[in-house]
Structure formats: C-alpha cells, structure tokens
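To keep things clear, I will list the structure first and then write my remarks on it.
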Amino acid sequence: MSAHTLLAEAGCHIQHDCAFPAPGLNSFDFKPIFSIGSFDFTKPMLLALICMVLVVGFFWTAFSKPKLVPSKMQLVGEIGYTFVSRSIAREVIGKKGDKYVPFLTSLFFFVWIMNVMSVIPLAQFPATSRFAFPVGLAALVYITYMYLTFKTHGFRGGIKNLVWLDGLPKPLVPLIVVLEFFSNVILRPFTLAVRLWANMFAGHMLIVMFSVASWYLLTPAWFAAVSGGSFIVAILLTALEVLIQFLQAYIFTLLASIYISGALEEGH
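Residue numbers (this note's numbering): 10 to 277.
See below:
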C-alpha cells in the first residue's frame, strides 16, 4: 500500500501531532488481491496484465480487418507501427530490421503503457518500477540477442561476435576478451533492466513524496505556502514524468534494436 494511502487512512496531518510517514519502499508494496498457495497476485501484476491486454487488444482490433481507407483505430495503429519502423528499426538495423518491427513495436508500446500507468487515476503506479518486470523484458531482449547471434554466425562465429576484436596486439587479447564478455554477455541485460527500473522507481518516489507533503503541510498557517509549493512541484514532476515515460520506452526499444543489429552484423 502506498504512503499517501496510509497517510489518508490514518488521517495523519501536521496539526494532529503525528509523525510524517516518509515515502519509502513501502510505497511499492501492495497487499495481495488474492493468493493461490504461496503465489500472491498483486496490483503491479494486475496492471501489467491490463497493459498487455490493452496493447494486444488495440493492435488486434486495428489490424484484424485492414482496409485500404483505414479506420481511425487502424490509422492510429499504422502511425505507431510506422514510428517504430522508421525511427528505430530502419535507423538502427536497416532493411534487415523490417522482420523485427512487430517485436519492437510490441516491446515499445508495452513498456510505454506500463510506464503511463503512473499517471492514470486509480492505477497511479508504473508497473516497471517493480524490478521483476524490467528484468523479464530485458531477459526477453537478451534471449533474442543471443539466439540471433548464434543463428546468424554459428557457434564459433557467435563466440567471436561476442568477445573478439580483430587486429589486437596479442598481449591485450586476454584482457579485451574478458572485457567484451562482461560487456556483451553480462552487463547488457543488467543495464537494460536497471535503466528502465531506476527511472520509473525514482519518478514515482518523487511524485509520492511531494504529493504526501502537500497534504501533510496543508494548514491555515504559514505551512500552507510550503504545501502549495510542494503541490506545484508534484504537478511539474508529473508532467516531466509523462515525457520520461515515453523516452524510457523509446530508449529501451532503441537499445533492443541495437542489440539485434549487433547480432546480425559480422564479427568485429
């Protein structure tokens, strides 16, 4: 349960002489909606499921019966698909990237909608601020990257593509092989997941903190000015968060396309 919910339920306010429940990791913990044995189904899981249904349902509806003169929904779907195709796949991968546009489009819109849940009434939580979701998406990209690397180049060629640089002085070969291994095999999926998670985590935490402070400090006294300032900051942070939500989805998809491009290219 989030900090602002606890605050409202407790009636905690500066005039009530109660301690300020500062937002923390408790803002990302939710009581299970239901449990099956040791499995707890929580709000972030529900939001992720809703986002998946929204993305699949939208594109299914938009393209299930395509028309020469597109309907409004088909037109919006075509704009989204074309954006990913031209701005990401073609720019990074080239013509080879056309076959991966459906995957990249699904990835982009799924991440974006999960991020947007942060500013949707009643939802008010970005599912991607729970580390498991960025890890799962990064794992999907990583598996695709590895699969394409070895499918395209074979086993020996795939290993060379991952860890080898041509033209190195022999004394440097062991060091560069180790560095390339850590960079391509270990750090890539880790940084891909952490980048998305950290931005959504920090953004949600800041919005919660200033929103709670707005209520806590709202009094007829001079604290009202501080409360008003905190409220304005919360609004500005929300507007900034909307931009960051889009950018993080774009960056995540862009990096996925870079990895796919690297898997399809010849070894260094």
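Glycine included, each C-beta is placed from N, C-alpha and C at the ideal position. Only a predicted model underlies this, so the values are computations on that prediction, with no experimental measurement involved.
Of all the options the options, which has the alpha carbon lying nearest to the alpha carbon of residue i?
i, options, result
"V194", "T137, M209, M155", "M155"
"A71", "A202, V217, G89", "G89"
"L201", "I260, L181, L252, N124", "I260"
"S239", "E250, M218, G163, L252", "M218"
"L157", "F39, E274, F37", "E274"
"S270", "L55, K169, R99, I241", "R99"
"V125", "K81, N208, R95", "N208"
"L263", "L56, A211, G106", "G106"
"V251", "V144, V110, I129", "I129"
Is the Cβ-Cβ distance between residue i and residue j less than 8 Å?
i, j, result
"Q257", "S127", "no"
"Y151", "R197", "yes"
"F118", "V62", "no"
"I102", "S223", "no"
"R165", "P53", "no"
"A248", "S220", "no"
"W173", "V187", "no"
"T161", "A57", "no"
Any idea if residue i is buried or exposed, counting beta-carbon neighbours within 10 angstroms, 16 or more meaning buried?
i, result
"H13", "Confidence is the limiting factor: at H13 the pLDDT is only 46, short of 50, which leaves the residue's position unreliable, though a coordinate-based value still follows. When all chains shown are included, H13 counts as buried."
"V120", "buried"
"L146", "buried"
"L3", "No information on residue 3 is available, as it lies outside the stretch 10 to 277 that the chain covers here."
"T91", "exposed"
"Y268", "buried"
"S192", "exposed"
"F37", "buried"
"V182", "exposed"
"L245", "exposed"
"F48", "exposed"
"A211", "exposed"
Since residue i and residue j should fall inside the 8 Å C-beta cutoff, what is the C-beta to C-beta distance between them, to a whole number of angstroms?
i, j, result
"L113", "V93", "5 Å"
"F142", "H213", "Their Cβ separation, rounded to whole angstroms, is 13 Å, which puts F142 and H213 out of contact at 8 Å."
"M123", "A136", "4 Å"
"I59", "F50", "With a Cβ gap of about 13 Å, I59 and F50 do not count as contacting."
- [ ] Mind listing, in chain order, the continuous alpha helix (DSSP H) runs of no fewer than 4 residues lying wholly within the segment 155–205?
- [x] 182–190
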